[in-house]
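Peer 1: The working numbering puts the first residue of the sequence shown at 405, with every later residue one more than the last. Handing you a structure now.
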Amino acid sequence: MIENLANEILLRIFGELELPGIIASRGACRKWRQLVPYTQFLPIRRAMLEFYDELVATPLFHQTRPWVLANLQKFDRQTYLNKLLRQYPSVPEDFSCWVLEWPARATIAFSWPGLPRKKYNEDYADDINVVGGIPWLVYPQVSALMVSDEIKRTAEYIPALLVHHHSLATWLLLDKRKEFSGKVFISGMAENRMVISAGEGAFQLNWLYPDWMAYQRRIWEIVMKAAESRTKAGRLIWSKVEDIPVDNSEDSMADISKIIAPAWLRKDHNPHAQALLDIERDRLHDL
């Protein structure tokens, strides 16, 4: 019987399991539950497991499950990644692992490709069950995000995946170069470019997270702070998911052709995109 195997062999088996298998193995018996913490997992898998454990230990997490469960849609995880790879030959390892292995029912806020693109107005979004704006992960389109380097005085487009858009736009950077790959960028004031500058306050309105899991943790911090502040202020927290107003206006339902950045594969043939790049290069030249 497998439960009678030597600890060393069990640890090797656990080390080959994907996240759902690791979670399930801890419920098999006391011995396995005690062994799992000593297993050598891939760093990203360890990070996901630790974050998952933190989530399920929080009462607020379970209070936010009704909206997630009511809106989850099945999707082929590998096909989703393949669509990205057909547009650009690299997807950050931690994001790929998260798409393939993260339990869909443990999704937080809007960040899951299996959640529909619904727009919630900021006035009605409680930032606990739903977040204001439009989630875009459901569309696996690689877009072209402008990077303006005021130090080198260069401007270029890099491949990125739009995660969410409201007054701020959140991007997962796909570029293979170390300085970009896997980072999550949030552009302020609805500006769809990343400015690299040596001056103070260069990122005053912009945020850059080192990887996908760091961004996930930040989302959860925002959810917890929103719950705390709304409770203290006596503001509305939606208890019934069917009561949350959805913005169904024509503008809110814009299709993928109206995404806020040009498609990566079409950027070189997009006159507007090339014009913006030329304007930015002229600005940098005049600095």
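Cβ atoms here follow ideal geometry from the backbone N, Cα and C, with glycine treated the same way.
#1: In whole angstroms, what separates the C-alpha of A677 from that of D457?
#2: Using a threshold of 8 Å, state whether the C-beta atoms of E422 and E505 are closer than that.
#3: If you run the structure through DSSP and keep just helix, strand and coil, what is A658?
#4: Taking 8 Å as the limit between beta carbons, can you name the residues of its chain near W616, skipping five residues before and five after?
#5: Starting from the N-terminal side, write out each stretch of the beta strand (DSSP E) that is 3 residues or longer and does not extend beyond the segment 506-567.
#6: Using the Cβ count rule (16 or more neighbours within 10 Å means buried), how would you classify T468?
#7: Quick check on this structure: which residue in A631, A548 and L688 has the alpha carbon closest to the alpha carbon of D672?
#8: Compute the Euclidean distance between the alpha carbons of I562 and G431, then round it to the nearest angstrom.
#9: Three-state secondary structure (DSSP) at R634?
#10: Counting along the chain, where does the beta strand (DSSP E) carrying F479 start and finish?
#11: Beta-carbon within less than 7 Å of I623's beta-carbon, same chain only, minus the 5 sequence neighbours each way: which residues are those?
#12: Let me confirm a value: R449 is counted as buried when at least 16 other C-beta atoms fall within 10 Å, else exposed. Which label applies?
Peer 2: Result, derived from the coordinates:
#1: By one-based count along the sequence shown, residue 677 stands at place 273. By one-based count along the sequence shown, residue 457 stands at place 53. If you take the alpha carbons of A677 and D457, they lie about 43 Å apart.
#2: Counting from one through the sequence shown, the residue named residue 422 turns up at place 18. Counting from one through the sequence shown, the residue named residue 505 turns up at place 101. Cβ atoms of E422 and E505: closer than 8 Å.
#3: Translated into positions along the sequence shown, residue 658 becomes position 254. Reliability of the predicted coordinates at A658 is poor, the pLDDT of 48 falling under 50, and the value obtained from them is presented with this limitation in mind. Three-state result, A658: coil.
#4: For the purposes of this step, residue 616 is taken as the residue at position 212 of the sequence shown. The answer, listed in chain order, is P496, D498, F499, W502, L576, G586 and V588.
#5: 546-553
#6: Position 64 of the sequence shown, counting from 1, holds the residue named residue 468. Buried, by the Cβ-count rule.
#7: Residue 672 sits at position 268 when you count from the first residue of the sequence shown. Taking only the C-alpha atoms, the option nearest D672 is A548.
#8: Indexing the sequence shown from 1 puts residue 562 at position 158. Indexing the sequence shown from 1 puts residue 431 at position 27. C-alpha separation (whole angstroms): 44 Å.
#9: Working through the sequence shown from its first residue, we reach residue 634 at position 230. Helix at R634.
#10: Taking the sequence shown and counting its residues from 1, one reaches residue 479 at position 75. Per DSSP, F479 belongs to no beta strand (DSSP E) and is neither H nor E.
#11: Numbered from its first residue, the sequence shown carries residue 623 at position 219. Excluding sequence neighbours, I623 sits near I512, A513 and S515.
#12: Here residue 449 refers to the residue found at position 45 when the sequence shown is read from its first residue. R449 is buried by the Cβ-count criterion.
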